[in-house]
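Beneath this line is the structure, given in structure tokens, with notes to follow.
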Amino acid sequence: MIGLLAAGLGLLVGGVIGGLGGGGGVLTVPVLVYLLGQPVPDATTGSIVIVGAAALVGGLARARSGDVDWPTGLGFGLVGIPTAVLGSLANRAVPGPVLLLGVAALTLTAAAAMLLDARRHPAGPVDEAPSGDVRTGGVATRRARALVPIALWGAGTGFLTGLLGVGGGFLVVPVLVVVLRLTTPRAIGTSLVVIAVNAAAALAPRMGGPEPDWTVVGPFALAAVVATLAGKLVADRLPGPTLARAFAVMIGAVGLAVGVQSIFALLG
């Protein structure tokens, strides 16, 4: 029964990751803790496995259609490797309620960012550059000019992945669109590569420690991988802002509930 519930929840998370290039990870830890009864440390590790697997498959699927900027994705991800390791090490020293409070804060931030973006582009995300431009020297020049902010953003995303078990894709996609002017589909695909690299780095320090409950994480991850592929197909057919608004409201409610419960746990 628990495996079926985990698979059903995995479909939701994977669909979000595949359709939006991020955001599903901020749901995974609360779902594992509150709906599937996982201890917080196990939930953060399980979340990294789930989000990393879904991002890897989703990124490879988008790469087949040319929607991945490999130099940017790998560079962004490599910058985050040391901080992802540090985040995983820090995770061991942080109490569970504090970790959940961090997840709640990040979830509310993600919800606000998605609502603002949907409001800014009510007709859909604007593709800042023609498709040919991302394969020429234009993006290389912008990448060089934005080297420092991209490095800092990549390092921060990696740390959040290791510490809280989230992918951070909702942070990566806007940067790729606004700073490097990648088209939205290409930014989503590139974001998935970044998440996969960070997840692999965040898992390395956790090897040899307590293993996730595979009866929960296995079905969850498998369903998330399948739904990641389906999420891309759905996102191609539905207005992006509509999906973003609906998801933002949902994760905002989750973040608020987790935050309140975490505060009560700390005070108690």
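Numbers 1 to 268, taken from the UniProt record's numbering, label the letters of the sequence shown in order. All C-beta atoms in this analysis are idealised placements derived from N, C-alpha and C, irrespective of residue type, glycine included. Remember, predicted model here, so these are calculated numbers, not experimental data.
- Message: Below 8 angstroms, how does it come out for the stretch 94-105 and the stretch 32-40: are there three or more Cβ pairs, yes or no?
- Response: yes
For this session: Tell me whether Ser47 sits in a helix, a strand or coil according to DSSP, three-state version.
Result: In the sequence shown, the residue the question calls residue 47 occupies position 47. In the structure shown, Ser47 sits in a helix (DSSP, three-state: H, G or I).
Report task. Return the residue from the list Val29, Leu60, Thr183, Thr107 that minimises the CA-CA distance to Val226. Result -> As a working mapping, residue 226 is identified with position 226 in the sequence shown. Comparing Cα positions, the closest option is Leu60.
request  = Work out the CA separation of Gly3 and Pro219 for me, nearest whole Å.
outcome  = Position 219 of the sequence shown, counting from 1, holds the residue named residue 219. Position 3 of the sequence shown, counting from 1, holds the residue named residue 3. Taking the straight line from one Cα to the other gives about 6 angstroms.
| Is it buried or exposed for residue 277, if we count other Cβ within 10 angstroms and need 16 for buried? | Residue 277 cannot be examined here, being either before or after the span of the chain that is shown, 1 to 268.
- 7 angstroms Cβ shell around Thr228 - same chain, five flanking residues per side excluded: For the purposes of this step, residue 228 is identified with residue 228 of the sequence shown, where counting begins at 1. Hits under 7 angstroms: Gly14, Ile17, Gly18, Ala54, Val57, Gly58.
How should Gly268 be labelled, buried or exposed, when 16 other C-beta atoms within 10 angstroms of its C-beta is the threshold for buried?
Reading the sequence shown from its first residue, position 268 is the one you call residue 268. That one is exposed.
Between which two residues does the alpha helix (DSSP H) holding Val175 run?
Within the sequence shown, numbered from 1, the residue matching residue 175 stands at position 175. Its alpha helix (DSSP H) spans residues 169-178.
>> Quick check on the DSSP output: the alpha helix (DSSP H) that includes Ser88 runs from which residue to which?
In response: In the sequence shown, counting from the first residue as 1, residue 88 sits at position 88. Run containing Ser88: 70-91, per the alpha helix (DSSP H) assignment.
According to the Cβ coordinates, are Ile81 and Val197 closer than 8 angstroms?
What you label residue 81 is simply residue 81 of the sequence shown in a count that begins at 1. What you label residue 197 is simply residue 197 of the sequence shown in a count that begins at 1. A contact, by the Cβ cut-off of 8 angstroms.
Three or more C-beta pairs below 8 angstroms linking the stretch 151-170 and the stretch 191-208: yes
- Task: Grab the span of the alpha helix (DSSP H) containing Gly154 for me, first residue to last.
- Result: What you label residue 154 is simply residue 154 of the sequence shown in a count that begins at 1. Run containing Gly154: 147-164, per the alpha helix (DSSP H) assignment.
Practice task
Assign Gly209 to one of two classes, buried (16 or more other C-beta atoms within 10 Å of its C-beta) or exposed (fewer than that).
Solution key: Position 209 of the sequence shown, counted from the start, is the residue given in the question as residue 209. Under this definition Gly209 is an exposed residue.
Here's a check: name, in chain order, each residue in its chain whose Cβ is nearer than 6 angstroms to the Cβ of Ala90, leaving out the five neighbours to either side.
Residue numbering aside, residue 90 sits at position 90 when the sequence shown is read from its first letter. Correct list, in chain order: Leu163.
Per-residue burial, Thr215 [other beta carbons within 10 Å of its own, 16 or more giving buried]: Indexing the sequence shown from 1 puts residue 215 at position 215. By the neighbour-count rule (16 or more Cβ atoms within 10 Å), Thr215 is not buried but exposed.
Query - Whole-angstrom distance between Val217 and Ala7, CA atom to CA atom - result: Mapped onto the sequence shown, residue 7 falls at position 7. Mapped onto the sequence shown, residue 217 falls at position 217. Cα to Cα, Ala7 sits roughly 9 angstroms from Val217.
With DSSP collapsed to three states, give me the class of Leu256. Against the sequence shown, residue 256 aligns to sequence position 256. Correct three-state label for Leu256: helix.
Classification of Ala253 by the beta-carbon crowding that lies within 10 angstroms, buried from 16 upward
As a position in the sequence shown, residue 253 is number 253, starting the count at 1. Result: exposed.
**Prompt:** Taking DSSP as the reference, what is the three-state secondary structure of Thr107?
**Reply:** Residue mapping note: residue 107 aligns to position 107 of the sequence shown, counting from 1. Here Thr107 sits in helix by DSSP.
Item to check | Exposed unless 16 or more other CB atoms sit within 10 angstroms - verdict on Arg186 | outcome: The residue given as residue 186 occupies position 186 in the sequence shown. Answer is buried; the Cβ neighbour count reaches 16.
Does the beta-carbon of Ser65 have 16 or more other beta-carbons within 10 angstroms, so that it is buried, or is it exposed? Here residue 65 corresponds to residue number 65 of the sequence shown, with the count starting at 1. The residue is exposed, with fewer than 16 neighbouring Cβ atoms inside 10 Å.
- Cα-Cα, which of Gly255, Val79, Thr184 is closest to Ala112? Counting from one through the sequence shown, the residue named residue 112 turns up at place 112. For the residues Gly255, Val79, Thr184, the minimum Cα distance to Ala112 belongs to Gly255.
Thr183, DSSP secondary structure in three states | Locating residue 183 in the sequence shown gives position 183, counting from the first residue. If DSSP states are grouped into helix, strand and coil, Thr183 belongs with coil.
ask   = Measuring CA to CA, which of Pro205, Gly10, Gly25 is closest to Val172?
value = Locating residue 172 in the sequence shown gives position 172, where the first residue counts as 1. Ranking Pro205, Gly10, Gly25 by Cα distance to Val172 puts Gly25 first.
- request: Identify, in the order they occur along the chain, each residue of the same chain with its Cβ nearer than 7 angstroms to the Cβ of Leu9, setting aside the five sequence neighbours on each side.
  value: To locate residue 9, count along the sequence shown from 1; it is residue 9. Closer than 7 angstroms at the Cβ level, and outside the excluded window around Leu9, lie Val31, Leu35, Phe220.
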